[in-house]
Amino acid sequence: MGFNNQRIALAALLLALAGGLAQAQGFSLREVAPGNFVHVGSLEERSPANGGDQANVGFIVGSRCVAVIDVGGSLPVGQSLRAALRRVTDKPVCYVILTHMHPDHVFGAEAFRAEGAEVVSHGNLPAALAQRLRTYLGALRRDLGDLADGAGIAPVTIAVDVDQERVLDLGERRLRLRAWPVAHTDNDLTVLDEATGTLWLGDLLFVDHTPVVDGSITGFLKVMDALAAIPARAFVPGHGWTATAWPAALAPQRDYLAMVVRDTRAALRARRTMEEAVDTVGASAAPNWTNFDAFHRRNVTAAYAELEWE
Amino acid sequence: MSIEQIRQAMVAAMFALLALPGLCNEKAEPDPARSQYWPPIRQMMFGERPIEDGRDVLRIYLNTRADDASTVPVAVKAQIDQSDGRYIKTVFLIVERNPSPAAGVFHFTPDSGRVQVETRLRFEDFSFVRAVAELNDGKLYEATRWVKAAGGCSAPGGKFRIPENMIGQMKFKFWDDTVEAAKPALVQLMIRHPNESALAADFDPTRTPRFVRSVKVSYAGKTVLTADVDFSLSDNPSFRFFFVPGQQGELEAVVEDTHDKVYVHRATIVEGVPLPGG
């Protein structure tokens with residue numbers, strides 16, 4: 305091995321060590337637009353190894369205060385996010401915004417309680433989450449064991465009604481929140497940072513991770529059309545990451561959902577039963593997505609139960 | 487014992503049952519004869535009456551590994567023909583690990599055509615599903631299937647709230663383009679209803695959960711199917727079954743829920759004429 309090669313190997317070793325340290329400190333953050341910080345979660349299924357770190361979460365810093373957008377799937381994830389935030393800014397957290405009710409986005413709330421922030425969500429979130437809470441907490445305990453300790457929800461103090469917008473001012477930075485009709489869930493909320501044109505989508509956009517329908521598949525497609533018309537300059541999906549530009553980045557998810565709708569309608573026309581549809585619809589899309597087995601068949605079940613009324 | 491009495495007794499005993507270890511971590515299918523959930527349910531529903539292996543009388547069809555615990559399609563199909571001499575009078579459909587395990591009690595007559603009923607179930611935990619057929623001679627036969635699905639009862643009554651003015655909407659969906667007199671025809675009855683579970687996490691125990699409790703289907707004034715059902719059925723309850731049409735007659739469904747609302751849906755069926763939609 306020549307001198308240069310040794311140097312390269314040493315540099316690689318140091319980099320690996322630094323990477324390990326960064327990981328030990330908790331949490332990777334990327335500044336996707338000025339003042340917009342995102343932590344990209346794991347695409348793997350929830351396990352003690354990843355501690356419930358599935359969703360993309362982050363925060364936006366204004367001149368006066370900070371808005372956190374989603375708090376992660378467990379108290380440790382929420383704590384890591386808060387620690388990462390505190391390495392970036394000392395400003396108070398004035399808003400905790402929840403993009404929808406799913407556990408991987410909301411269960412780290414306890415980490416931000418001491419901030420005394422307003423908790424902001426879609427108007428349908430409190431009821432939707434209350435109904436599912438026991439199931440969600442039970443499943444979290446089953447998957448994470450002790451790492452589920454401290455998981456819980458924060459009482460919502462600002463609710464945005466469906467189809468309404470609400471503007472939050474962080475000081476020289478206005479966030480435009482919009483509560484959508486039934487799509488991924490019945491309580492999807494997006495955040496647009498007007499200063500940078502950054503659109504935080506929650507799970508209205510999945511990248512690489514199989515899209516999940518826990519609301520209405522036809523509603524999801526309609527909302528995606530409306531999203532595509534927003535002239536965002538940067539965007540944050542709920543899962544996964546991509547270098548593709550907006551709105552082209554919506555295409556894989558739209559193609560998947562449209563395929564499930566088309567093929568489920570065809571199965572209904574051919575008078576296939578729900579089981580037959582679930583066995584046949586869309587299986588060829590598997591190579592395009594992670595966690596396909598865990599979610600695709602459920603999506604077809606939901607699509608069938610929705611579309612059979614047409 | 488009525489399904490209502492069974493439900494009340496079982497929901498009262500629910501907390502004791504829930505204290506039994508959960509089955510979600512079980513990897514292999516357990517032995518149905520050793521289930522600790524079945525003896526009290528069996529005792530309450532059938533007392534000491536013997537129950538025979540039912541493989542020649544009825545079968546359960548469902549996916550052992552369910553994809554969505556709140557919507558698990560299940561079919562119970564008779565292996566014998568209905569005749570005046572020997573027929574299936576009642577099918578009890580039981581999800582033994584559900585807090586209200588008697589999901590449905592379906593009544594048939596010699597005129598029911600083929601005894602087959604398909605519906606969709608919620609599962610609170612990995613569970614055996616049992617279908618017990620009572621024949622006209624009073625004998626009981628059982629079929630059993632193991633299902634891995636959990637969280638479907640404490641999951642909400644739907645992915646979104648059904649507006650009040652839509653509750654009770656119904657649709658008949660036929661599996662053929664036309665019917666032929668005297669030939670059993672397959673039809674699906676769809677009911678728009680939240681079928682609220684008393685087990686949803688935010689459920690107020692002082693309120694009566696609103697779910698469909700009875701379904702009666704008749705053709706030309708003769709009973710096709712009657713069912714006492716429960717919130718172990720999925721939201722927007724669905725039933726698929728056979729009826730035997732004549733040259734012309736009205737198919738009628740009467741559905742009653744626990745808030746004493748009654749919904750009626752009718753369709754006129756004429757031999758050889760394309761079947762009505764919705």
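Protein sequences, first through last, are from chains A and B.
Under the working numbering, the first sequence has 438 at position 134, and the numbering climbs by one with no breaks.
Under the working numbering, the second sequence has 648 at position 162, and the numbering climbs by one with no breaks.
The beta carbon of each residue, even a glycine, is placed where N, CA and C say it ideally should be.
query                                                                                                            : result
Sub-8 angstroms separation of R558 of chain A and V582 of chain A beta-carbons                                   : no
Chain A contact for T632 of chain B (CB, 8 angstroms cutoff)                                                     : The sequence as given places Trp at residue 632 of chain B; Thr does not occur at that position. Chain A, which has no Cβ nearer than 8 angstroms to the Cβ of W632 of chain B, makes this no.
Backbone CA spacing between Q733 of chain B and E666 of chain B [nearest angstrom]                               : 7 angstroms
C-alpha distance - T550 of chain B paired with S586 of chain B, whole-angstrom precision                         : 21 angstroms
CB contact check: C510 of chain B to chain A, cutoff 8 angstroms                                                 : Confidence at C510 of chain B is low in this model, with a pLDDT of 46, below 50, so its placement is unreliable and the value that follows should be read with caution. Answer yes: the Cβ-Cβ gap between C510 of chain B and chain A drops below 8 angstroms somewhere.
Opposing strand residues paired with G412 of chain A [DSSP bridges]                                              : A:G456
Beta-carbon separation (whole angstroms), F363 of chain A vs F341 of chain A, contact threshold 8 angstroms      : 5 angstroms
C-alpha gap between E349 of chain A and D408 of chain A, whole angstroms                                         : 11 angstroms
Residue environment, E579 of chain A, which counts as buried when at least 16 other CB atoms sit within 10 Å     : buried
As assigned by DSSP and simplified to three states, the class of I521 of chain A                                 : helix
C-beta contact flag for R606 of chain B and S704 of chain B at 8 angstroms                                       : no
Interface residues of chain B facing V582 of chain A [CB-CB closer than 7 angstroms]                             : D553
Proximity winner among B:M530, B:T692, B:V710 and B:N722, relative to R699 of chain B (alpha-carbon distances)   : B:N722
Per DSSP, cross-strand counterpart(s) of F728 of chain B                                                         : B:L672
Sub-8 angstroms separation of E422 of chain A and Y399 of chain A beta-carbons                                   : yes
Per-residue burial, D746 of chain B [other beta carbons within 10 Å of its own, 16 or more giving buried]        : exposed
Bridge partner(s) assigned by DSSP for M459 of chain B                                                           : The structure shown does not extend to residue 459 of chain B, since chain B is modelled only from 487 through 764, so no value can be given for it.
Which residues DSSP lists as bridging K563 of chain B, in chain order                                            : B:R545 and B:Q602
Against chain B: residues of the segment 556-569 of chain A by CB proximity under 8 angstroms                    : none
Residues that E579 of chain A contacts on chain B, provided the C-beta gap is smaller than 7 angstroms           : N549 and P559
D450 of chain A (DSSP reduced to helix, strand or coil)                                                          : helix
Pair within 8 angstroms by beta-carbon distance, G412 of chain A and G376 of chain A                             : yes
Cβ-based neighbour list, T461 of chain A, same chain, cut-off 8 angstroms, excluding 5 preceding and 5 following : E422, V423 and V424
Same chain, Cβ closer than 7 angstroms to I492 of chain B, five either side skipped, listed in chain order       : M530, M531 and A588
Whole-angstrom distance between V540 of chain A and P380 of chain A, CA atom to CA atom                          : 22 angstroms
Bridge partners - E742 of chain B, DSSP secondary structure assignment                                           : B:S700 and B:V748
Cβ-Cβ distance between L548 of chain B and P559 of chain B below 8 angstroms                                     : yes
Simplified DSSP assignment, three categories, for A326 of chain A                                                : With a pLDDT of only 35 at A326 of chain A, under the threshold of 50, the placement of this residue in the model should not be trusted; the figure read from the coordinates follows. Residue state, collapsed to three classes: helix.
6 angstroms CB neighbourhood of A458 of chain A in its chain, flanking five on each side removed                 : A413 and V423
Simplified DSSP state of T584 of chain A, which is helix, strand or coil                                         : helix
Local Cβ density within 10 Å of M528 of chain A, reported as buried at 16 or more and exposed below that         : buried
Beta-carbon spacing of T584 of chain A, A536 of chain A below 8 angstroms                                        : no
Residues bridged to D714 of chain B (per DSSP)                                                                   : B:V591 and B:S700
Rounded straight-line distance, which links the Cα of E515 of chain B to that of F612 of chain B                 : 10 angstroms
Closer than 8 angstroms to chain A by CB, K645 of chain B                                                        : yes
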